[in-house]
Amino acid sequence: MTQRKRIVAGNWKMNGNLSLIETFSSTIQPKEFPGVEIVVFPPFPLLSNVAAKGLKTGSQTVSEHDAGAYTGEVEAKLVAELGGEYCLVGHSERRTLFKESNEVLVAKFAKAQEAGLTPVLCVGETESEREAGLTEEVISVQLNAVINQLGVASLENSVVAYEPVWAIGTGKTATPEQAQQVHKFIRELIAQSDASLAAKLPLLYGGSVNDENCDLLFAQPDIDGGLIGGASLKPEAFKRICESAVGNV
Ligand code: PGA
Numbered sequence: 032m033t034q035r036k037r038i039v040a041g042n043w044k045m046n047g048n049l050s051l052i053e054t055f056s057s058t059i060q061p062k063e064f065p066g067v068e069i070v071v072f073p074p075f076p077l078l079s080n081v082a083a084k085g086l087k088t089g090s091q092t093v094s095e096h097d098a099g100a101y102t103g104e105v106e107a108k109l110v111a112e113l114g115g116e117y118c119l120v121g122h123s124e125r126r127t128l129f130k131e132s133n134e135v136l137v138a139k140f141a142k143a144q145e146a147g148l149t150p151v152l153c154v155g156e157t158e159s160e161r162e163a164g165l166t167e168e169v170i171s172v173q174l175n176a177v178i179n180q181l182g183v184a185s186l187e188n189s190v191v192a193y194e195p196v197w198a199i200g201t202g203k204t205a206t207p208e209q210a211q212q213v214h215k216f217i218r219e220l221i222a223q224s225d226a227s228l229a230a231k232l233p234l235l236y237g238g239s240v241n242d243e244n245c246d247l248l249f250a251q252p253d254i255d256g257g258l259i260g261g262a263s264l265k266p267e268a269f270k271r272i273c274e275s276a277v278g279n280v
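Each number in the numbering used here corresponds to the 1-based position in the sequence shown with 31 added.
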């Protein structure tokens with residue numbers, strides 16, 4: 032039995048609107064899921080609407096800069112002011128489509144924490160990296176970018192999400208054993224710098240999690256919840272995933 036925080040987070044990506052907030056919030060009542068932190072990551076303009084429904088919320092990225100002349104960017108402090116408590120950092124779509132490097136992501140991670148947000152650092156390998164046996168190396172580089180620049184203590188108020196790129200939005204989820212193996216690796220890597228922090232750090236799995244495969248994933252000893260994309264747009268399916276997390280506290 033773990034004492035770590037259990038989290039089920041919905042990453043809406045560039046989806047969702049006021050109407051989804053209505054159906055989502057009438058279907059998901061956080062108090063029905065004791066011991067599970069439910070977090071919604073909507074597009075920026077919907078942050079305060081989600082927060083107003085009593086749901087925990089956060090942004091899908093933040094700027095690495097303080098407020099200023101950065102047209103189109105959003106400052107971490109503003110996310111906090113609008114009711115955000117979390118922030119995704121390094122989602123693979125940001126790394127790939129928006130060319131965010133580990134260096135930039137470290138700066139975003141730091142800005143999120145400075146603003147009082149809890150960063151959810153997303154790490155994961157591509158299919159070709161897995162096939163080449165590079166999974167652990169890729170994840171070490173992504174994690175060590177933060178540990179080496181900001182110190183292992185910076186992971187204290189954070190969450191790490193393992194999201195194999197080949198499993199995101201593809202319906203090809205990692206098997207519970209594959210996911211557990213990488214989660215264990217992540218915890219051991221962090222434990223090399225700080226064992227007690229590693230034991231407390233919530234590790235989420237993401238990549239084609241749905242209402243049918245969540246039970247076996249959440250039953251794994253080092254999986255403390257999920258980062259859910261597609262299924263978070265379907266309130267009934269998401270509710271079932273939250274229920275599954277309760278059963279595994
Ligand atoms: P998916 O997305 O659940 O649709 O695979 C997960 C994510 O991108 O966080």
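Just so it is clear, CB atoms sit at the ideal spot from N, CA and C, and this is done for glycine as well.
Given this structure, state the Cα-to-Cα distance separating Ala143 from Leu113, to the nearest angstrom.
Within the sequence shown, residue 143 is the residue found at index 112, counting from 1. Within the sequence shown, residue 113 is the residue found at index 82, counting from 1. Distance between the alpha carbons of Ala143 and Leu113: 14 Å.
Please find out if some non-hydrogen atom of the ligand PGA comes closer than 8 Å to the beta-carbon of Ile59.
Position 28 of the sequence shown, counted from the first residue, corresponds to residue 59. Not so, every heavy atom of the ligand PGA lies at least 8 Å from the Cβ.
Reduced DSSP secondary structure (H/G/I, E/B, other) of Ala192
The sequence position of residue 192 within the sequence shown is 161, counting from 1. Strand, per DSSP.
Whether Ala146 touches Glu104 by CB criterion (9 Å)
As a position in the sequence shown, residue 146 is number 115, starting the count at 1. As a position in the sequence shown, residue 104 is number 73, starting the count at 1. Contact flag unset, no.
Run through the DSSP bridge pairs and tell me what Glu68 is partnered with.
Position 37 of the sequence shown holds residue 68. Note: Glu68 sits in a beta bridge opposite Ile38.
Alpha carbon to alpha carbon, how far is Val93 from Ala222? Give it in angstroms, no decimals.
Against the sequence shown, residue 222 aligns to sequence position 191. Against the sequence shown, residue 93 aligns to sequence position 62. Approximately 28 Å between the Cα atoms of the pair.
Member of Pro266, Glu274 and Gly278 whose CA lies at the smallest distance from the CA of Gly41:
As a position in the sequence shown, residue 41 is number 10, starting the count at 1. When each option's Cα is compared against that of Gly41, the closest is Pro266.
Residue interval of the alpha helix (DSSP H) (run including Pro207)
Here residue 207 refers to the residue found at position 176 when the sequence shown is read from its first residue. Element bounds for Pro207: Pro207 to Ala222.
Same chain only: Cβ atoms within 6 Å of Ala82, ignoring 5 sequence neighbours per side:
Taking the sequence shown and counting its residues from 1, the one referred to as residue 82 is at position 51. Here the set comprises Thr88 and Gly114.
Write down every uninterrupted run of the beta strand (DSSP E) in the stretch 102 to 128 whose length is 3 residues or greater and which is fully enclosed by it, in chain order.
The stretch 102 to 128 contains these whole beta strand (DSSP E) runs: 117 to 120.
With DSSP as the reference, please indicate the residues paired to Cys153 in a beta bridge.
By 1-based counting over the sequence shown, the position of residue 153 is 122. According to DSSP, Cys153 bridges with Ala192.
On a CA-only basis, which of Glu187, Ser224, Gln173 and Trp197 is nearest Arg35? Give me that one, please.
For the purposes of this step, residue 35 is taken as residue 4 along the sequence shown, with counting starting at 1. Looking at the Cα atoms, Glu187 is the closest of the given residues.
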